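All the letters of the sequence shown, read from the start, carry residue numbers 70 to 168 under my numbering. Okay, so here's the structure we're looking at.
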Amino acid sequence: MAKVTVTINGVEYPCRPTMGAMLRFKKETGREVTELQNGSFSDLCVYLYCCVASASAADKKPFDMSLMDFADALSPEDMTAWANQMQDNTQQGDGEKKS
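Put into structure tokens, the structure is as follows:
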């Protein structure tokens, strides 16, 4: 899987799905990540935040933004770019598994 990063306020943060991200999503929303609402920008924003917070914690990179601070600094274009990166990684991973 290619390294995915998200740049917020000029700082690059790691971003990847982890078990911690799934637990954070549950804590923030009360729902499992498998219940992500298709087409919900709110759900995607929360999940992106959770992926960045957990990947940063795992990599020992300081990340102290609240969800609202993160959302305020994130543009719709940033979120779309992240979703496209994740989709590309998933497709590449599927291609590698078939080989």
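Glycine is no exception: its CB is placed at the ideal position from the N, C-alpha and C atoms. It should be emphasised that the depicted structure is a prediction, and the values quoted were computed from it without experimental measurement.
Going by DSSP, T98 is part of the alpha helix (DSSP H) stretching over 88–98.
Distance from the CA atom of C114 to the CA atom of M134, rounded to whole angstroms, is 13 Å.
The beta carbon of E101 lies closer than 8 Å to those of M91, F94, K95 in the same chain, with the five residues before and after it left out. Taking C-beta separations shorter than 8 Å and ignoring five residues to either side along the sequence, the partners of A126 in its chain run G89, F132, following chain order.
In the same chain as V73, and ignoring 5 residues on each side of it, the C-beta atoms closer than 8 Å to its own belong to P83, C84, R85, W151, Q154, M155, N158, in chain order.
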